[in-house]
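Novice: In this note's numbering, the protein residues as written are 89 to 186. Before I ask anything, here is the structure I am working with.
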Amino acid sequence: MWIGWIEFDLLLGEVHSLKEKRAVLRPLLADLRRTTEASVAEVDDQDLHRRDRVGVGVVASSAERVTEVLDRAERLVAGRPELTLLSARRRLRRSDDD
């Protein structure tokens with residue numbers, strides 16, 4: 089079993105309130121869930137208006153499949169004009185790694 093995750097550090101565009109932030113993030117999270125079929129969540133910076141961290145996690149039988157899903161998620165986030173992808177950190181582990 090392979091486990092992979094990617095964490096995106098995001099800068100949101102013209103967002104001046106937490107309500108506006110949710111209006112930008114809600115469709116992004118839904119698109120990530122739909123296109124990757126992975127677990128998706130806000131993982132940090134929920135109280136900041138223009139910043140957010142989003143995590144995507146996936147479990148699969150091969151490293152190639154995990155990498156494919158994480159690559160798809162990164163392309164989707166990077167292609168969103170309403171935000172700037174500041175960084176993407178990813179990890180890939182085998183279930184029997186210590």
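For each residue, glycine too, the CB sits at the ideal point set by N, CA and C.
What would DSSP say about residue 165, mapped onto helix, strand or coil?
Specialist: In this structure, residue 165 counts as helix in the three-state DSSP scheme.
Novice: Could you pull the start and end residues of the beta strand (DSSP E) that residue 148 belongs to?
Specialist: Per DSSP, residue 148 belongs to the beta strand (DSSP E) from 139-148.
Novice: Reducing DSSP to helix, strand and coil, say where residue 156 ends up.
Specialist: In this structure, residue 156 counts as helix in the three-state DSSP scheme.
Novice: Helix, strand or coil for residue 95 per DSSP?
Specialist: Strand.
Novice: Rounded to whole angstroms, how far is the Cβ of residue 117 from the Cβ of residue 128, which I believe are closer than 8 Å?
Specialist: The pair is a contact, with the Cβ atoms about 5 Å apart (cut-off 8 Å).
Novice: Taking the beta strand (DSSP E) that residue 129 belongs to, which residues open and close that run?
Specialist: That run of the beta strand (DSSP E) goes 127-132.
Novice: Using alpha carbons as the reference points, say which of 165, 113, 146, 163 lies closest to residue 180.
Specialist: Checking every option, the nearest Cα to that of residue 180 belongs to 146.
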